[in-house]
Each structure stands twice: as structure tokens, then as C-alpha cells.
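If you read the sequences in order, they're chains A and B. Each residue of the first sequence is one higher than the one before, starting from 2 at the first, in my numbering. Each residue of the second sequence is one higher than the one before, starting from 2 at the first, in my numbering. For each residue, glycine too, the CB sits at the ideal point set by N, CA and C.
Protein chains: 2
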Amino acid sequence: MPSDAIRAALIERLRVSSAIAEEDIREVEALPISVRQFPAETAVVRDGERATDCCLIVDGFCARSKTLANGKRQILSLHIPGEIPDLMSLFLHVMDHDLSTLTPATLGFISHEALQKLHRRSPRVAEMFWRDTLIDSAMFREWIVNVGQRPAPARLAHVMIELRERLRMIGRLDSDSFEMPLTQEQIGEALGITAVHANRVIRQLRQEGIVELNRGRVTVLDERKFQELADFEPRYLHQSPTL
Amino acid sequence: MPSDAIRAALIERLRVSSAIAEEDIREVEALPISVRQFPAETAVVRDGERATDCCLIVDGFCARSKTLANGKRQILSLHIPGEIPDLMSLFLHVMDHDLSTLTPATLGFISHEALQKLHRRSPRVAEMFWRDTLIDSAMFREWIVNVGQRPAPARLAHVMIELRERLRMIGRLDSDSFEMPLTQEQIGEALGITAVHANRVIRQLRQEGIVELNRGRVTVLDERKFQELADFEPRYLHQSPTL
DNA sequence: GCACGGTTCCAACAAAAGTTAAGGACGCGG
DNA sequence: CCGCGTCCTTAACTTTTGTTGGAACCGTGC
């Protein structure tokens, strides 16, 4: 993948979430990025580690998670190309959770040093990245609501719609279906339910003709019912830079 | 309350979470703050509103929450003096959740304008506030884990210990008991359970001789059992500035 | 082609949590 | 001091979710 294309994903994302000036784009494009390939289901940074780089997803899906002493795992967020899931490590030096790949992924690493230098030089770029971490935070808030207050079928629908809207933002929503490359085990970990119950919920949504989930691909059968179930309010994604 | 004392709470907090230089302290102390009193159970900023100020808690307890279309409410975080719960509104201009008081509270408002000016001038101060929002984010992650993976009694214990440790940080842990001024209804909203079930859980912990909860005050009966139940790992609070 | 591991799927039973309803404690204002 | 409202408390019953265990499916490597 050419170097330009790698940066394009990042720029595209920042353009969506912030009002970015042309000269700032040039600054961001000048950031040195070292690219590496990761297989599926692989840790990128682990809980307790001290990070020295931030990780830009060039291609593939990632997830952040925490594992308890008793082995139970909670998925905190899903991540798609153009995002920097561990931007927070810039100032929270030791990781408090894991970042790992869901699918085979192409990741670009940007050193903390380079990032710190850049935004000491350019407060506008700093604010842009700051805003990015704040949107991340807003998504966690919604995730709390999802896990805490919605019944399991609604939780699943909500996570699906959030993912779909984010894929749409980066122009990766080709057809009426979209990718959600999680096993049922992982879906359970995301929703705070067991894999068995995740299976039940998926079956139920299929039987009710709302949505079909097959080998990591979501096909919506009844858009109206789907939205009604998910109770999705996109404001928390803070898509409009001016708002 | 004298103006100095108001700022002291904030400085104290920033000192704990970041390595702050003396000249930066002076900058922060120079911030204009307008103080107002709020009764208990009152909205400070509401979901959907556009904020123009950030709110420093001088005295009292606050909580952030989101309310769903069906009326269900999820509490996202609890806040104590010295914190700025809506710092995020600086760059996420329209609120995606509510901020309200739990007890009567003294709040200091700092205009976005003043804050923006300050950290354009001083990147170090900006980084300090940025870090503050990142810790906020880390606490949301742990809250997700709590609601998603722990059984209800452990959830309650975890929230209690988190609160206790934070009160300790700001030097407000007088004795063996501490304040947690939530009704059982609100405890339910924080843990993602109903008020009835919250009551059951509280009773259970009392009967097992682990912890007592009485009119907003927590008394630990068996510290060992309490900690074991809560499964509390303080790393996510990122207390040490150097880490 | 076949064995293998990881998923998916499912059913029966157990446990946790939600719902409804109602009585009691407590503080506040008249 | 009484009445009222809020919170706390509890019980009985229902629903959701977890647990256990097992069968079917599917792609991969041999």
C-alpha cells in the first residue's frame, strides 16, 4: 500500500470529525508512520504495557477490551480504518486495557515523540487530536448505556447500527449488508452477555425477520424494526465539526 | 468561600493527576471563575445543550447520566470536588449527556473562551487538561467492565471503592466510613439494575457483614471481603503523573 | 478425503434480575 | 403534632440470562 493511501485514511477521518485546515493536513501528512501487518486475533498493545507509539488502523478491524482476574473479558469498542484507538496512550502512558486485531490488519505506528512535537508546534492539530479522544470517550458513554440499560436484542442492534454508521462515514458501506467480524463469543463480550445468550439473541432477531448475521456479515431484513429496536441516536458520535 | 479556596481544589486535583509546574499553577489560578450554588438533584447542563462554560465542582457531589427514550436512566460517573466533569464540552460543544448535582453543591464556572486562550498560550497546561479528560475516559472504560461483567454485588462494591479512593486522593476520607450520597434508585441507575434489586444487593452485603450503607454513608465492616468482592485494580485511575 | 479445531446452534435446567404491589420509616412543612 | 411525600424494605411471581452439555457445521491442513 502506498504511503499516501495510508495517510489518506487518517486525514479522511479527521476531516469528518474536525474542521481541519489545509496547512494542518500537510503537518499530519508529514508524520513518520511505520507500517506493519498483523494476523487476526492478535494483541497490538497489552494492558499494563507502556506504549511508545500510537497505532493507526490502515486496514482491518480492531477491538479494545479488558480482562478481569476471573478471566471474563469485556469488549469496550470496535475500531475501523482511519482510527487511532490508542491515542490516549500519548498521555496515559501505561495501558489500562488491551488493543487487539479482530481480522488480519494493516497498522501504522506513529511515535509519541513525533506526535508530541507536532502539537506543541501546532495547537490546532493538538485540538483536533484532543477532540478525537473526546469522541472516543463519548462512545464509551453510549456503550455504558447500551450494556447497562438496554435488553440484549437492543444492545446487539445498537452496536450494529453504530458500526454501520461509522463505516458509512469512511465510505466503506458498499451494499445493504456490512462487515461485523466478531464471533458470537466476542459479540457476547461486547454486549455483556454469554456466548450462548448471544446466540439466542441472534436467532431471535433472525426469526423475527429483523436482521441476519452470517459469518461476520450483517444483513438488515427490516430497516424500520431494526432502527426501532436499536434506539439509535447518533448525536454522541459528534460527526459535525461545527457542533 | 474565598476565591483561593475555590482554586485550591482544582490545583490539588491537577497536582495529583499530572506533573504540574509552578508557573502553570499561576496560569490556572488566574482563570476567572464565577461561583454559583446549586440545590441537590438539579441539572447543571443538559443533554443536547450547547455549553459555553466548564464546571468546576468546588463542593458537593455531581453525577453524569443519559436518559433513554423509554425513560430509563444510566448514571455514567460520579464526581467530587476538584473535578471538572464537563471539560469535554470545550471541544464537544453540544452535550451528549446530563450533568446534575446529587447534593447541594458549590460550582465554579470557567468560560470556554478563557480555557481556550490559556492553552493556546501554554501547551503544557493544555496537556494537563487533556490528560484529565483521558483519565475520565479511562474511568468510563472501567465502568463498562463493571456493568458488563461483574455480578451486581461486585458492581456495587467496585463503585464504592472507586469513590473511596478518589475521596482519599483529595483528602476527604475522614474516618472508616465515607459519603456516597445516592438513593437506592440512583445506585440502581449506576449499576444497571433496578432499584428493587439494588435494595436486595445492599441487604445481602449488609447481612454478609461486608459493608453497611445508611443514608448516603458507607461503612465497611470487613475490609478483606470488601476488596475481594470488588476486584478493584486502581491502575485505571492513572494517579501517578509519571506513569 | 478425512480428521481436527473452532464455531454455531440448541435444549434443559439453574440462577440472577425485573415486575408488581404493599407496608413501614423518616423528614418536612403546615 | 399531624399529614404527606420520598425513600427504604420486603415478598411473590415472571422474565431474562447463565450454565452445562452435546450435536451439527465448516474451513483448513494433512
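Give the residues of chain B in contact with A/Phe92, contact being defined as C-beta atoms less than 8 Å apart. Glu128, Trp131, Arg132, Leu135
Looking at the secondary structure, which residues open and close the alpha helix (DSSP H) in which A/Asn147 lies? 124-150 is the span of the alpha helix (DSSP H), which, as asked, contains A/Asn147.
Consult DSSP for B/Phe227 and reduce its assignment to one of helix, strand or coil. Three-state DSSP puts B/Phe227 in a helix.
B/Ala31 versus B/Lys118, B/Gln228, B/Lys226, B/Ser19, residue with shortest Cα-Cα distance: B/Lys118
Beta-carbon of B/Gln75 versus every beta-carbon of chain A: anything under 8 Å? yes
Beta-carbon contacts of B/Leu116 that lie in its chain and below 8 Å, excluding the five residues immediately before and after: Hits under 8 Å: Leu32, Cys55, Leu91, Phe130.
Threshold first: 3 residues or longer. Then list the beta strand (DSSP E) segments lying entirely within the region 169-218 of chain A, N to C. Listed in chain order, the complete beta strand (DSSP E) runs (minimum 3 residues) inside the region 169-218 of chain A are 178-180, 212-215.
Under 9 Å (Cβ pairs) to chain B, residues found in the region 149-171 of chain A: Gly149, Gln150, Arg151
According to the neighbour-count rule (16 or more other Cβ atoms, all chains shown, within 10 Å of its Cβ), is A/Asn215 buried or exposed? exposed
Interface residues of the region 176-199 of chain B facing chain A [CB-CB below 9 Å]: Glu190, Ala191, Leu192, Gly193, Ile194
Contact the region 158-172 of chain A vs the region 161-175 of chain B: 3+ CB pairs below 8 Å: no
Would you say B/Val219 reaches chain A, if we count a Cβ-Cβ gap shorter than 8 Å as a contact? no
Straight-line Cα distance separating A/Leu174 from B/Ala158: 43 Å
Do the CB positions of A/Val59 and A/Leu93 come within less than 8 Å of each other? no
Does any C-beta atom of chain B lie closer than 8 Å to the C-beta of A/His113? no
Anticipated Cβ contact below 8 Å, B/Leu1 with B/Ile211, distance rounded: With chain B running from 2 to 244 in the structure shown, residue 1 of chain B is simply not present.
Can you check DSSP and say which residues form a bridge with B/Leu91? According to DSSP, B/Leu91 bridges with nothing at all.
Checking contacts by CB at 8 Å: is A/His80 closer than that to chain B? no
For A/Gly172 and A/Phe62, what's the separation of their Cα atoms in angstroms? Straight-line measurement puts the Cα of A/Phe62 at about 15 Å from the Cα of A/Gly172.
DSSP beta-bridge partners for B/Thr68? B/Arg74
Starting from the Cα of B/Leu100, find the closest Cα among B/Ala6, B/Ile85, B/Glu114 and give me that residue. B/Ile85
Contact between the region 74-82 of chain A and the region 19-30 of chain A (3+ Cβ pairs under 8 Å): no
For B/Thr53, which residues in the same chain have their Cβ closer than 7 Å to its Cβ, ignoring the five residues on either side in sequence? Ser112, His113
Can you give the Cα-Cα distance for B/Pro154 and B/Arg204, rounded to whole angstroms? 10 Å
Determine whether the Cβ of A/Arg236 lies closer than 8 Å to any Cβ atom of chain B. yes
For chain A, find out if any of its Cβ atoms is closer than 8 Å to the Cβ of B/Leu32; answer yes or no. no
Distance check for B/Arg142 and B/Glu224, CA to CA, integer angstroms please. 25 Å
Following the continuous alpha helix (DSSP H) through B/Arg27, name the residue where it begins and the one where it ends. 23-30
Cα-Cα separation, B/Gln208 to A/His120: Roughly 55 Å separates the two Cα atoms.
When we look at the beta-carbon of B/Gln1 and count the other beta-carbons within 10 Å, is it buried (16 or more) or exposed? Any answer about residue 1 of chain B is impossible in this case: the structure gives chain B only from 2 up to 244.
Can you check whether the C-beta of A/Ala70 is within less than 8 Å of a C-beta belonging to chain B? yes
If A/Leu103 and A/Thr134 are in contact, beta carbons under 8 Å, what's the gap, nearest whole angstrom? About 21 Å separates the two Cβ atoms, so there is no contact after all.
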